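Chains as they are written, first to last, in the numbering used here: chain A, 246 to 562; chain B, 32 to 460.
We put the beta carbon where it would ideally sit given N, CA and C, even for glycine.
All figures in this text were calculated on a predicted structure; none of them were measured in a lab.
One structure is given below, encoded as C-alpha cells.
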Amino acid sequence: MTSSPTLSRRSASSAPVQLRKSKRNGADARAGYTFLLPWLLGFIALTVGPMISSLYLSFTNYNLFEPPKWIGLDNYTTLFQDERFLQSVGVTVGYVVFGTPLKLAAALAVAMLLNSKRRGQGFYRSAFYAPSLIGASVSIAIVWKAMFGDSGPVGQGLSFFGINLGGWVGNPAMTMPMFILLTVWQFGAPMVIFLAGLKQIPGELYEAASMDGAGPVRKFFNITWPMLSPVIFFNLLMETIHAFQIFASAYIISNGEGGPAGSTLFYTLYLYLRGFSDFRMGYASAMAWLLVVVVGIITLIFFRTSKSWVHYSGDSR
Amino acid sequence: MINRRHFLTTVAIGTASAAALSACGSGAGSSGQTGSADKPVTINYTWWGNDDRAERTRKAIALFESKNPDIKVNGNFTDFAGYWQKRATEAAGGGLPDVMQWDLSYLRDYGQRNQLLDLSTVKIDTSAFDKSLLPSGQIKGKTYGIPTSTNAFAVYYDPAKLAPLGIAEPDGTWTYKEFNDFLTQVGTKSNGALYGGTDYTGVWWMFNIWLRQNKIEAFTSDGKLGFSKDDLKKWWNLTANLRGTGAIIPEDRVTQLAPKSPFGSNATATEVTWDNFMAGYLGDSGAKELKLVPVPSDDPDNLGLFLKPSMLMVASAKTKFKDAAARFIDFMVNDPEVGQIFKTSRGVPASKTQRDGTTFEGTDKLVVDYEKSIEKYLKDAPEPPIVGFGTLESSFKRIASDLNYGKLTVDGATDAWFKEAEDLIKQNG
Numbered sequence: 246m247t248s249s250p251t252l253s254r255r256s257a258s259s260a261p262v263q264l265r266k267s268k269r270n271g272a273d274a275r276a277g278y279t280f281l282l283p284w285l286l287g288f289i290a291l292t293v294g295p296m297i298s299s300l301y302l303s304f305t306n307y308n309l310f311e312p313p314k315w316i317g318l319d320n321y322t323t324l325f326q327d328e329r330f331l332q333s334v335g336v337t338v339g340y341v342v343f344g345t346p347l348k349l350a351a352a353l354a355v356a357m358l359l360n361s362k363r364r365g366q367g368f369y370r371s372a373f374y375a376p377s378l379i380g381a382s383v384s385i386a387i388v389w390k391a392m393f394g395d396s397g398p399v400g401q402g403l404s405f406f407g408i409n410l411g412g413w414v415g416n417p418a419m420t421m422p423m424f425i426l427l428t429v430w431q432f433g434a435p436m437v438i439f440l441a442g443l444k445q446i447p448g449e450l451y452e453a454a455s456m457d458g459a460g461p462v463r464k465f466f467n468i469t470w471p472m473l474s475p476v477i478f479f480n481l482l483m484e485t486i487h488a489f490q491i492f493a494s495a496y497i498i499s500n501g502e503g504g505p506a507g508s509t510l511f512y513t514l515y516l517y518l519r520g521f522s523d524f525r526m527g528y529a530s531a532m533a534w535l536l537v538v539v540v541g542i543i544t545l546i547f548f549r550t551s552k553s554w555v556h557y558s559g560d561s562r
Numbered sequence: 032m033i034n035r036r037h038f039l040t041t042v043a044i045g046t047a048s049a050a051a052l053s054a055c056g057s058g059a060g061s062s063g064q065t066g067s068a069d070k071p072v073t074i075n076y077t078w079w080g081n082d083d084r085a086e087r088t089r090k091a092i093a094l095f096e097s098k099n100p101d102i103k104v105n106g107n108f109t110d111f112a113g114y115w116q117k118r119a120t121e122a123a124g125g126g127l128p129d130v131m132q133w134d135l136s137y138l139r140d141y142g143q144r145n146q147l148l149d150l151s152t153v154k155i156d157t158s159a160f161d162k163s164l165l166p167s168g169q170i171k172g173k174t175y176g177i178p179t180s181t182n183a184f185a186v187y188y189d190p191a192k193l194a195p196l197g198i199a200e201p202d203g204t205w206t207y208k209e210f211n212d213f214l215t216q217v218g219t220k221s222n223g224a225l226y227g228g229t230d231y232t233g234v235w236w237m238f239n240i241w242l243r244q245n246k247i248e249a250f251t252s253d254g255k256l257g258f259s260k261d262d263l264k265k266w267w268n269l270t271a272n273l274r275g276t277g278a279i280i281p282e283d284r285v286t287q288l289a290p291k292s293p294f295g296s297n298a299t300a301t302e303v304t305w306d307n308f309m310a311g312y313l314g315d316s317g318a319k320e321l322k323l324v325p326v327p328s329d330d331p332d333n334l335g336l337f338l339k340p341s342m343l344m345v346a347s348a349k350t351k352f353k354d355a356a357a358r359f360i361d362f363m364v365n366d367p368e369v370g371q372i373f374k375t376s377r378g379v380p381a382s383k384t385q386r387d388g389t390t391f392e393g394t395d396k397l398v399v400d401y402e403k404s405i406e407k408y409l410k411d412a413p414e415p416p417i418v419g420f421g422t423l424e425s426s427f428k429r430i431a432s433d434l435n436y437g438k439l440t441v442d443g444a445t446d447a448w449f450k451e452a453e454d455l456i457k458q459n460g
C-alpha cells in the first residue's frame, strides 16, 4: 500500500501504469475502510456517541425516568463542595500514587530476575503473568475479600507471626493496603513488557561497563534505566491511566458501598453510586468528564516531562 | 466481469446480513400476549433475599408452573442493596422484568415515573385483603403494588444465648435505658464473646418508630422533613455511651460479616428489625428457636408500631404479558399453598385466603402471635414514602456506620444526613 507512490513517481512517463497504480490506491483505501467499517461503526455508536451524550447530560439534572433538565454548570460547582466527592478523589489519588510505582517496581525487579537464563523460566514468566489476566475480574475480587476477611488466611497468617490486625476488609485503615496489594499482585503484564525491553539492551554495553569496573548498581542506573526509559515511560503512563479507572474490585470488595467509612470509595465507584443508586445521572456524567479531563492533563504532563528523562535510541542525546 | 474478490465480498456480505436478520426474529410464543400449553409465554420475575427465600420462591414458581402450563416463569434474585441499582439500569434501558418483588421505599420513585403497571387495570383478586392495607400500594388512585404480607418491628433475641449468661429473657416492656442496660449486660457477662446487639440507632425504621412515640411524623404530606436536627441528634445520642463497648458490635466486624447480619452470624444476642426476618435468621444462624418482643418505648401506651406492607408485588409498565403477570401476582398473594411455602418469611400474609390456608407452627406461629399481641398498639401505616426515600434510607445507614467507625461525631453525622435530605427534597422540586 505504501510502496505505490514511489513506484508511480518513478514510472511517471508510462501513463497507463500510473493510472492503474492510483486506481489500486483508491481500491486499497476503499478496501481498508470497508474492513475498518464494523469497528468504526461500533466506535461511533458505542463510544463517541455516548461520550457526546454524556457531555450534554453533565449540564443537566437527569434521573433516568424523566427527560433531562438543563442546569448549566451547577453539577460541576456542586462537585467541589461535595464531601464524598473530595473523599473519593483522595482515595483514588492515594491509590494511584502508591499503587502504580510499587507495581512497576515489582514488575521491573522480577523482569530483571527473569532476564537471565534459568531453568523453568518459561514457567515462571507464565506464572507471574497469569494474575494480570484474571486480576481485574469479579471472581478474584471475591477471593481477595475472603482472603483478607476476619477469618481469612491473611489475618491468620499474620497473627501467627504475632501481628494482630484482625480482618483487613472491615478496618478502614487496612482496606487501601489491601487494594494496593491487589494491584501489585497483577504486575505480570508490565513485567512482560519490561522483559521485552530488557532483551533489546545490547549485551556489549554491560560487557563494556564490566570492563570499566562498574558494579550492578552502576550498571542499572547508567545502562538499564536509560535504555529502558521508553518502556518505563509507556508502562508508567498506561498503568497510571488504568489505575484511575479501577471499579470492579472496588465494587465487589466493598459490597457496592465504598467500604468501611468511605475508605474504598474510589472515584468511579462514587460515580456509579451517584448515577445508579441516587438517580443523579447528570452529576455522574459531570464526574466522568472531569475524570477524562484530569487524566488528559496528567497524560500531557507525563509527555511534556518525558523529554527530560526518556531516552530514545537514535536520538541525538 | 466477476473476479474472485468481488465474488467473495458478495458472499461475505450476504452471509453477514442473513445472520443479522435471523437474530432479529424473536423466539416462539411471543407473537401474542397469551400462550398455550405447547407454546408457553415466559415472564421474568426477580426478588431480593437470602438463600432461604430463594429456595422457597423456586418452590412457589414450580407450583405456579404446574398449575399454569401455559406460563413459564424465569426467576432470579440479588441481595437488597444491589437490587435497586439493577432495577435502575433496567428501567433506563426499558427492560424491567415483568413481575418484581418491591419495597415501599421505592414505590413512589418508580410508580410516579410511569415505570410500573397500574394493577387495577388487570385481573387480580384483592377481596381478601384488609381494606386499610391496600392504600399503601396506591399513589393518586392508581394501584402500583399489591402487598404480599405485613410486618411489624420487633426486638429478636436468642434465648439459648441468654440462658448461659444468666440473663433473664426480656418481656418487651422496656424503656430505652432499660434496653441499653440489657445490651450492656450481655457484653459484660459474656466477657466480650457475645455482643448485645448492633447499634439500633442506625436503623431508619427504628428512628421512625421513636419519632412516632414522640408524636412526630417523619415526613409531612407535602414531602418535606417533619423533624428537626435536634430530634436526630437526640436519637443518635441514645447509644452514645454504648459505642465502643461490648454492648454494641464494632462496625468493622459488621462490615466483615456483610451481607450476612451479625445476629444471623451468631455474633450478637439481639437484633432490632422486621418480624419477617425470622425465617432468614433461623436459616443463617442455625439456632433452635428465636423469640420476638416489642421495641422499647419511654411511653408504655405508645409503642409507635404499625403494620407495614413488608413487600409488594409489582409489574413493569412495559410488560408484554399483562395477563400472565397478573395471574402470577394473584397466585403469589392469594394462593394458600404459597402461604404454606413461605409461612412468615415474607411477613404475615396479607390476604385472608392465604392466611387461613396456612398452618403456622413453631417460630412462624411466634411471628403471627407477635403481630396479634401488638394489635392494640398498632396505628395507621404511613403512606408510600417520598420520592428518593430509598437513597435517604441507605445514606442514613451509611452515615450511622461512619458514626460507629468514629469518623463522625453525632453533630457531624446529623449535619451530613440533613444536607443530603434537603438536597434530595430540593431535587424533587
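Exercise. Taking DSSP as the reference, what is the three-state secondary structure of Thr-384(B)?
Worked result: helix
For this session: Taking only the alpha-carbon atoms, compute the straight-line gap between Gly-415(A) and Glu-282(B) and give it to the nearest angstrom.
Result: 7 Å
Exercise. Counting contacts by CB-CB distance shorter than 8 Å, is Glu-502(A) in contact with chain B?
Worked result: yes
Exercise. List, in order along the chain, the chain B residues whose C-beta lies closer than 7 Å to that of Phe-521(A)?
Worked result: Gln-116, Ala-119 and Thr-120
Exercise. If you draw a straight line from the alpha carbon of Lys-428(B) to that of Ile-170(B), how long is it in whole angstroms?
Worked result: 27 Å
Exercise. Which ranges would you report for the alpha helix (DSSP H) in the region 463-520 of chain A if only whole runs of at least 4 residues count?
Worked result: 470-489, 493-498 and 512-517
Problem set entry | Phe-466(A) versus Leu-440(A): straight-line alpha-carbon distance, rounded | 17 Å
Exercise. Are the region 506-518 of chain A and the region 482-498 of chain A in contact at 8 Å, needing three or more beta carbon pairs?
Worked result: yes
Exercise. Does any residue of chain B bring its CB to less than 8 Å from the CB of Gly-394(A)?
Worked result: yes
Exercise. Relative to the C-alpha of Asn-211(B), which residue among Asn-239(B), Arg-144(B), Leu-196(B) and Ile-279(B) is closest?
Worked result: Ile-279(B)
For this session: Would you mind sorting Ala-372(A) into buried or exposed? The rule is 16 or more other CB atoms within 10 Å of its CB.
Result: exposed
For this session: For my contact list, Ser-328(B) and Trp-305(B) are in at a C-beta cut-off of 8 Å; report their separation, rounded to the angstrom.
Result: That belief does not hold up - the Cβ atoms of Ser-328(B) and Trp-305(B) are roughly 17 Å apart, past 8 Å.
For this session: Under the assumption that Trp-235(B) contacts Glu-424(B) (Cβ atoms under 8 Å), give the Cβ distance between them as a whole number of angstroms.
Result: 5 Å
Exercise. Helix or strand or just coil, what does DSSP make of Asn-306(A)?
Worked result: strand
Problem set entry | Neighbourhood of Lys-90(B) by C-beta, 6 Å cutoff - its chain only, sequence neighbours within 5 removed | Ile-372
For this session: Give the residues from the region 404-425 of chain A that approach chain B closer than 8 Å (Cβ to any Cβ), ordered along the chain.
Result: Gly-411, Gly-412, Val-414, Gly-415, Asn-416 and Pro-417
For this session: Pull up the distance between the alpha-carbon of Phe-111(B) and that of Thr-276(B), whole angstroms please.
Result: 29 Å
Problem set entry | Within chain A, partners of Lys-438(B) - CB distance below 7 Å | Ala-506
Problem set entry | Separation of Thr-206(B) from Arg-284(B), as counted between CA atoms | 27 Å
Problem set entry | 8 Å Cβ shell around Tyr-374(A) - same chain, five flanking residues per side excluded | Gly-433, Ala-434, Met-436 and Val-437
Problem set entry | chain E within 8 Å of Glu-311(A), Cβ atoms only | Here the protein chains are A and B, and chain E is not one of them.
Exercise. Can you find a CB in chain B that lies within less than 8 Å of the CB of Trp-280(A)?
Worked result: One detail in the question is off: residue 280(A) reads as Phe in this sequence, not Trp. No - not a single Cβ of chain B is within 8 Å of the one on Phe-280(A).
For this session: Count the C-beta pairs between the region 383-393 of chain A and the region 401-420 of chain A that are closer than 8 Å, then say yes if the count reaches three, no if not.
Result: yes
For this session: Taking only beta carbons into account, state which residues of the region 274-287 of chain B come closer than 9 Å to chain A, listed in chain order.
Result: Pro-281, Glu-282, Asp-283, Arg-284, Val-285, Thr-286 and Gln-287
Problem set entry | Residue interval of the beta strand (DSSP E) (run including Leu-343(B)) | 339-346
Exercise. According to DSSP, is Glu-451(B) helix, strand or coil?
Worked result: helix
Exercise. According to DSSP, which residues form a beta bridge with Arg-131(B)?
Worked result: Note on identity: in this sequence residue 131(B) is Met, with Arg being the wrong assignment. Met-131(B) pairs with Thr-77(B) and Val-345(B).
Exercise. In the DSSP assignment, what residue or residues form a beta bridge with Glu-302(B)?
Worked result: Tyr-187(B)
Problem set entry | When Phe-343(A), Phe-280(A) and Gly-277(A) are compared against Ser-426(A), the one with the closest alpha-carbon | Before going on, a small fix: residue 426(A) reads as Leu here, not Ser. Ranking Phe-343(A), Phe-280(A) and Gly-277(A) by Cα distance to Leu-426(A) puts Phe-343(A) first.
Problem set entry | Alpha-carbon spacing of Lys-383(B) relative to Pro-367(B), whole angstroms | 9 Å
Exercise. Any C-beta of chain A sitting closer than 8 Å to the C-beta of Thr-232(B)?
Worked result: no
Exercise. If we call anything under 8 Å between Cβ atoms a contact, is Lys-374(B) one with Thr-389(B)?
Worked result: yes
For this session: Take Ser-158(B) as the anchor and find which of Asn-365(B), Pro-128(B) and Gly-393(B) has the nearest alpha-carbon.
Result: Asn-365(B)
Problem set entry | Per-residue contacts from Phe-330(A) into chain B (C-beta, under 9 Å) | Going along chain B, no residue has its Cβ under 9 Å from Phe-330(A), so there is no contact; the nearest lies around 13 Å.
For this session: Measuring only between beta-carbons, confirm whether Met-246(A) sits less than 8 Å from chain B.
Result: Confidence in Met-246(A) is poor, its pLDDT being 45 and thus under 50, which makes the residue's placement too unreliable to answer from.
Exercise. Taking Ser-180(B) as the reference, which of Trp-133(B), Asp-101(B), Thr-174(B) and Gly-126(B) has the closest Cα?
Worked result: Trp-133(B)
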